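**Student:**
In the numbering used here, the protein residues as written are 466 to 592.
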């Protein structure tokens with residue numbers, strides 16, 4: 466059983482963060498590195514799509530409002546093309562929760578969120 470847990474942890478090492486605000490990326494980087502996750506960052510949906518063509522992270526932390534579109538619209542695309550990837554949607558608008566969950570998000574975090582909120586989301590989607 467220990468081997469299964471270790472292999473899950475290894476698979477969960479690198480996450481993709483799709484966020485266009487530098488400060489939010491910094492906060493997420495601090496939280497993720499504390500949990501021993503590595504993270505790659507892109508700041509728009511086009512770059513996220515290109516990233517996913519060559520990398521298959523176990524999870525994406527996806528902002529909703531991005532320069533080239535809305536994360537809630539990207540969820541359906543990701544879930545169809547990469548069904549194994551979990552999505553944690555983050556948004557400053559709680560009203561996006563219902564659409565995000567209907568489109569297939571695995572977890573929704575409303576900004577501002579706490580360290581405990583992020584840890585709970587990670588624990589749930591990567592369990």
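Just so you know, even glycine gets a beta-carbon here, dropped at the ideal spot from N, CA and C.
Everything numeric in this text was worked out from a predicted model, so none of it was measured.
1) Given this structure, state the Cα-to-Cα distance separating residue 494 from residue 504, to the nearest angstrom.
2) So, under 8 Å CB-CB, residue 552 and residue 569 are touching, yes? Tell me the CB distance rounded to an integer number of Å.
3) Are the stretch 560 to 568 and the stretch 521 to 540 in contact at 8 Å, needing three or more beta carbon pairs?
4) Roughly how many angstroms separate the alpha carbons of residue 548 and residue 591, rounded to a whole number?
5) If we ignore side chains and look at the alpha-carbon of each, how far apart do residue 514 and residue 523 end up?
6) From the DSSP output, in three-state form, read off residue 578 for me.
7) Take residue 489 as the anchor and find which of 479, 589, 519 and 574 has the nearest alpha-carbon.
8) Within the same chain, show all residues whose beta-carbon is closer than 7 Å to that of residue 580, passing over the 5 residues directly before and after it, in chain order.
9) For residue 487, tell me which candidate among 545, 542, 557 and 508 has the shortest Cα-Cα distance.
10) Using 10 angstroms around the beta-carbon of residue 558, count the other beta-carbons present and answer buried if the total reaches 16, otherwise exposed.
11) To the nearest angstrom, how far is the alpha carbon of residue 584 from that of residue 484?
**Tutor:** Looking at the atomic coordinates:
1) The straight-line gap from Cα to Cα measures roughly 7 Å.
2) Indeed, because the Cβ distance is near 7 Å, the residues count as touching under 8 Å.
3) Segments in contact, yes.
4) Whole-angstrom Cα-Cα distance: 14 Å.
5) Answer to the nearest angstrom: the Cα atoms are 15 Å apart.
6) Of the three classes helix, strand and coil, the one that applies to residue 578 here is coil, per DSSP.
7) Measuring from the Cα of residue 489, the nearest candidate turns out to be 574.
8) Closer than 7 Å at the Cβ level, and outside the excluded window around residue 580, lie 496.
9) Check the Cα spacing between residue 487 and each of 545, 542, 557 and 508: the tightest is with 508.
10) It is exposed - the Cβ of residue 558 has fewer than 16 other Cβ atoms within 10 Å.
11) The straight-line gap from Cα to Cα measures roughly 18 Å.
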